[in-house]
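All remarks here apply to the structure that follows.
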Amino acid sequence: MTSVHDLRSLGIAAHIDAGKTTLAERVLFCTGRTHKLGEVHDGQGTMDTTAIEKRHGISIQAAATTARWRGHTLHLVDTPGHVDFTVEVERALRALDGAVLLLCAVAGVQAQTHTVDRQLRRHGVRPIVFLNKCDRPGADPLRVVAELRDQLDRPAVLIQLPLGLGPAHEGVVDLVAMEALRFSGPGGEVVIRKPVPIEIMDDALAARAALLDAASLHSDALTEVLLEEREPSPDLIHDAIRAGVLAGKLTPVLMGSAYRNKGVPPLLDAVVRYLPAPDDAPAPAFDADGAPLALRADADAPCLGLVFKVQQTRYGALSWLRLAQGTLTSDTPLEDPATGDRVRAGRLVRLHAGDLEPVEQAIAGEVVALFGVDVPSGTTLGAPGRGVSLPGIPVPEPVVEVALHTAGRPSRKLLRALDRAVREDPSLHSRVDPGSGELCLRGVGELQLALCAERLREETGEAVALSAPSVALRQTPLGRAGFDHFRRRQTGGPGQYARVIGWIEPLEGSDAVEVDWQVRGGTIPTQYRKAVERGFIDAAREGVTEGVPLVGLRVVVTDGAAHSDDSSDLAFGLAARSALHEAVADAGLRWLEPLMEVEAEAPVEHHGAVLSGLLRRRATILDASAAGRLARVRAEVPLVEMFGYAGALRGDTSGTGGFSMRFARYAPR
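Quick note on this note's numbering: the sequence shown kicks off at 187 and runs consecutively.
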């Protein structure tokens with residue numbers, strides 16, 4: 187059985203089209219997990235599991251697999267690169283300890299690279315870097331390393347040099363062993379080691395000296411050897427590099443060409459040598475009172491894991507779980523500490539792209555899936571009574587809305603398919619417009635919504651069309667207003683008795699909805715407070731005008747009343763809902779529109795065109811810079827102005843520009 191320390195849970199993260207899935211295919215082949223190379227451009231990629239992914243040649247969902255390399259078990263997650271599928275990346279990162287940050291050796295650091303880098307930092311995921319496409323004309327690994335340092339503030343250090351670039355790319359120089367590596371075999375799985383060519387020996391020695399200098403900062407033993415002018419052993423260098431990676435102070439850079447089968451075995455060696463094992467760093471958690479904890483990955487501890495993704499299959503729910511502590515078997519009882527609901531693990535399976543492989547057990551650090559466990563993404567499941575929870579998963583704001591048009595009334599089959607899609611993707615929301623009666627779908631971006639509609643057509647065989655996209659607006663109160671709602675109903679059985687008193691006011695500088703308790707005494711018993719909070723928050727989410735949610739709202743509860751027989755959670759929840767409607771009517775509302783933080787980039791000769799194009803779209807420029815060959819602009823732009831921007835940017839920059847965007851905040855329109 188694999189020990190916790192021999193596990194590596196890693197992802198491949200990158201800008202779109204950097205070659206993530208192609209690299210994953212080579213990893214599977216080199217580890218013996220597959221025996222045929224799947225090509226993304228032919229629709230044969232193992233890790234692209236859905237028909238839509240194969241048809242479009244892009245990753246839409248995170249895909250997971252397990253492989254073995256040099257006595258280690260690798261849990262590999264391939265993530266989408268498009269900004270519309272950010273939630274898939276966020277979910278995957280909650281299950282990872284390390285990552286391969288993949289960059290194109292030609293394009294270098296791109297707009298979405300910044301987003302991915304922020305996500306890695308936020309989740310504490312340690313990366314190593316692989317510079318792909320060294321076989322392409324214009325590949326320049328040294329420039330990309332400089333961009334990693336200057337633009338991402340990564341302590342990037344070369345541990346390889348290229349053996350030729352562009353069409354002349356043959357392999358890499360291993361700066362630790364000082365050997366030239368070339369690759370043969372169908373997937374480049376055979377490594378041929380030769381002396382470093384004399385014509386690049388000076389460059390290799392200089393790069394190795396820089397590597398040893400950086401690595402010695404993390405190893406007293408290596409420093410001592412260097413001061414004594416002795417030759418350090420490869421193991422000593424590897425240990426120093428690993429210490430730097432674990433400390434977040436060193437980012438090793440490797441390179442090659444996944445498509446041309448060059449550089450993958452050394453990358454796998456770097457994964458097991460440098461990336462963290464689950465027990466290398468404590469995982470953040472919270473006790474029953476919300477106090478922070480630090481948990482070590484221990485197979486003998488009580489069970490604790492995070493459901494980071496849920497799929498709705500034809501056979502029922504399939505919950506992907508990253509086990510933080512303990513050993514999980516099919517009969518292990520589990521509890522959601524937030525609700526107290528209990529489930530049993532049931533059938534355990536290991537994921538291999540679209541296939542499921544039964545397993546008897548899983549230990550701390552492993553990724554498995556549970557059949558028949560249907561809980562929301564971000565749910566903690568642990569030993570009953572333990573009361574410990576893991577941090578949840580941030581979900582991007584759904585800011586684009588479309589109406590779903592069908593030939594007639596939406597069929598039950600279509601509604602069931604839509605429900606499955608929404609339950610799988612927490613950044614998708616559906617609703618019925620109270621004015622038009624149309625079925626509406628909200629999401630992060632146009633591509634996400636278009637592919638959701640394609641999925642609905644595929645699953646149901648029905649014609650599904652989308653309206654033109656519109657912006658998902660919000661509302662916020664104009665000022666402060668009080669409420670005093672008394673709910674009293676008597677229908678012959680148990681009655682409904684609840685009173686809530688307080689006020690609402692705008693919550694400046696935030697899009698949240700907060701409930702603040704300033705009740706003295708027991709006028710509202712403690713057991714009903716959650717129902718009151720849920721009532722206010724649900725009412726705000728549903729909105730009071732045309733189903734438009736409320737944001738930036740603070741609710742202060744100061745008093746109330748309860749009855750020993752007729753009060754209940756239902757009564758207080760309904761009272762809170764009505765109280766919010768009454769207060770909002772008195773306060774008045776203003777409309778808010780979503781602002782997006784946009785990062786656009788293009789060659790420096792198009793800098794002015796990028797700036798003027800954004801300013802025409804009501805942008806507020808936050809930062810503009812030019813470094814080397816690329817100019818970058820960071821701005822806040824109303825989302826409504828961003829429709830069609832991709833085509834406009836390509837036109838302004840002769841097809842060379844790109845951008846990424848993420849939700850920033852809501853602002854008055």
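The beta-carbon is built from N, C-alpha and C at its ideal position, and this holds for glycine as well.
| query | result |
| --- | --- |
| Endpoints, the alpha helix (DSSP H) within which Leu801 is located | His793 to Leu801 |
| Cβ-Cβ distance between Ala393 and Leu361 below 7 Å | yes |
| Close Cβ partners of Pro383 (< 7 Å) along its chain, the five nearest in sequence each way excluded | Ala366 |
| Alpha-carbon spacing of Arg643 relative to Leu816, whole angstroms | 41 Å |
| N-terminal and C-terminal residue of the alpha helix (DSSP H) that Thr806 is part of | Note, Thr806: premise wrong, no alpha helix (DSSP H); beta strand (DSSP E) at Thr806 to Ala813. |
| Cβ distance (whole Å) where Ala469 is taken to contact Leu461 below 8 Å | Contact flag wrong, Cβ pair sits at about 16 Å. |
| Closest by C-alpha distance to Leu856, when choosing among Glu728, Asp772, Ala332 and Leu282 | Within the shown structure, residues of the chain are numbered from 187 to 855, placing residue 856 beyond reach of any answer. |
| Own chain residues within Cβ distance below 7 Å of Ala471, not counting five before or after | Leu479, Leu481, Val574, Ser575 and Leu576 |
| Spatially closest choice to Pro582 from Gln305, Val686, Gly205 and Thr252, by CA coordinates | Gln305 |
| Leu196 classed as buried or exposed, judged by whether at least 16 other C-beta atoms fall within 10 angstroms | buried |
| Local Cβ density within 10 Å of Glu791, reported as buried at 16 or more and exposed below that | exposed |
| Spatial distance of Phe758 from Gly721 (CA atoms) | 8 Å |
| Cβ-Cβ separation, Arg685 to Gly746 (assumed contact under 8 Å), whole Å | 5 Å |
| DSSP three-state assignment for Ile687, whether helix, strand or coil | strand |
| Proximity to Thr662 [Cα-Cα], best of Val699, Ala400 and Cys626 | Val699 |
| Beta carbon of Ala485 nearer than 7 Å to that of Asp465 | no |
| Close beta carbons around Lys435, own chain, < 8 Å, minus the five adjacent residues each side | Pro341, Leu403 and His404 |
| Beta strand (DSSP E) segment containing Gly759, residue limits | Careful: Gly759 lies outside any beta strand (DSSP E), inside the alpha helix (DSSP H) at Asp755 to Ala773. |
| In DSSP terms, what Gly668 is bridged to | Trp689 |
| Paired residues, beta bridge with Asp745 - DSSP | Ile687 |
| Presumed contact (8 Å Cβ cut-off) between Lys319 and Ala285, rounded CB distance | Not quite, the Cβ-Cβ distance comes to about 19 Å (not below 8 Å), so this is no contact. |
| Residues sharing a beta bridge with Thr525, DSSP | None, per the DSSP bridge assignment. |
| Nonlocal neighbours in the same chain, by C-beta distance under 8 Å from Gly729, ignoring five residues either side | Gln661, Pro735 and Leu736 |
| Own chain partners of Arg335 with C-beta closer than 8 Å, once the 5 adjacent residues on each side are dropped | Pro341 and Ala342 |
| Proximity below 7 Å, CB of Val439 to CB of Arg212 | no |
| Assigned exposure category for Trp777 - 16 Cβ within 10 Å defines buried | exposed |
| Rounded straight-line distance, which links the Cα of Val431 to that of Leu408 | 16 Å |
| Contact check, Ala401 vs Ile378, beta carbons under 7 Å | no |
| Cβ contact (3+ pairs, closer than 8 Å) linking the stretch 626–633 and the stretch 598–617 | yes |
| Contacting residues, own chain, Cβ-Cβ under 6 Å from Val887 (five flanking each side not counted) | Outside the displayed range of the chain (187 to 855) lies residue 887, so it cannot be described from this structure. |
| Outcome for Gly294 when other beta-carbon atoms lying within 10 angstroms are tallied against a minimum of 16 | buried |
| Option nearest Arg855 by Cα separation, candidates Val657, Ile198, Ala487 and Trp689 | Val657 |
| Beta bridge counterpart(s) of Lys380 as assigned by DSSP | Ala366 |
| Closest Cα partner of Ala654 within the set Arg194, Lys599, Pro711 and His591 | His591 |
| Pro313 burial status per 10 Å Cβ neighbour count (16 or more: buried) | buried |
| With 16 other Cβ atoms within 10 Å as the buried cut-off, status of Leu413 | exposed |
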